[in-house]
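In our numbering, the protein residues as written are 1 to 234. Heads up, the beta-carbon is just placed ideally off N, CA and C, and yes, glycines get one too. A short worksheet on the structure shown next.
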Ligand code: BV8
């Protein structure tokens, strides 16, 4: 069985990373259009760097949770039959043991040089404009996909959605496109769809089955069910 799993901020919530739309969500502190667009970066690069430097620093204070670990267990069992795509820019899937993680919105612990296009792993701040490791110009930006920018790997994602048997969305509000359209693509092509989420989402009405609860409970239980052969194949 080929499975595509899409995760959002909700899978990292119980690790202590704030989601975007909950009461203490990050967007609460900032209007996305002032910190997560190329225009915002042009207007106030220091504000944007501070926003991402703080989030990058927070990664050092959190750990993956049982949901991340369960998906790594699923990858162990399914190998290439699992395609994990995340909207998250944290590295908790990797630290939870997943080896093939497709970050469609980029990665917080990575920097991208706007002069020479070099991409580098990056754990420290960028607001002091460190030199690019390749061209030494002080032109490194967060290697994340902002609103108005093109997500990574869309052709691969569409191919995987076309070839999968089951599409599962975990911890996402289904409000940001094109990720929010993946379930419509899956349903439109006759795929089985499942949502594991704390609350109803923008796509709850589109899936075959929607389970409510925290990811640290729902995801391990679903992986156990799937690996015991009683998975969502009804
Ligand atoms: C693009 C990286 C063209 C940076 C992010 C008008 C209508 C429709 C679309 C648009 C429009 N105007 C503009 C657009 C397009 C726009 C868009 O969708 N805007 C929205 C606001 C309407 N999209 C874009 O610009 C994208 N690019 O469209 O390019 C294109 C398209 C296709 C092909 C070629 C070209 C780029 C969007 C990427 C933006 N970057 N992140 C950063 O992180 O700082 S988006 C960012 O916000 C996240 O990555 C994520 O995608 C999104 C947040 O969503 P969620 O992850 O779902 O988090 P949220 O807080 O919303 O929800 C959490 C959920 O978890 C909740 O449901 C909650 O109940 C649940 N939960 C909470 N706790 C738990 C839990 N579940 C389980 N357990 C728990 N414990």
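When the alpha-carbon of residue 170 is set against those of 136, 216, 150 and 129, the nearest one is in 216.
For residue 143, the enclosing beta strand (DSSP E) stretches over residues 140 to 144. Residue 99 and residue 52 have their C-alpha atoms roughly 24 Å apart. The residues 109, in chain order, have a CB closer than 6 Å to that of residue 91 in the same chain once the five nearest residues on each side in sequence are set aside. In the DSSP assignment, residue 177 falls outside any alpha helix (DSSP H), carrying neither H nor E. Assignment of residue 2 by DSSP, reduced to helix, strand and coil, places it in the coil class. Between residue 123 and the set 143, 137 and 44, the nearest pair of CA atoms involves 143.
With respect to the 9 Å criterion, residue 15 and residue 85 are not classified as neighbours on the basis of their beta carbons. Looking at the DSSP output, residue 111 bridges to 120 and 142. In this structure, the beta-carbon distance from residue 152 to residue 104 falls below 9 Å. Collapsing the DSSP output to three states places residue 203 in coil. Residue 82 is bridged by DSSP to 3.
Separation of residue 183 and residue 223 (C-alpha to C-alpha, rounded to the nearest whole angstrom) is 20 Å.
In the same chain as residue 46, and ignoring 5 residues on each side of it, the C-beta atoms closer than 8 Å to its own belong to 127, in chain order. With fewer than 16 other beta carbons inside 10 angstroms of its own, residue 225 counts as exposed. Three or more Cβ pairs closer than 8 Å define a contact, and the segment 31 to 41 falls short of that threshold against the segment 181 to 200.
Judged by their CB atoms, residue 3 and residue 74 are nearer to each other than the 9 Å cut-off.
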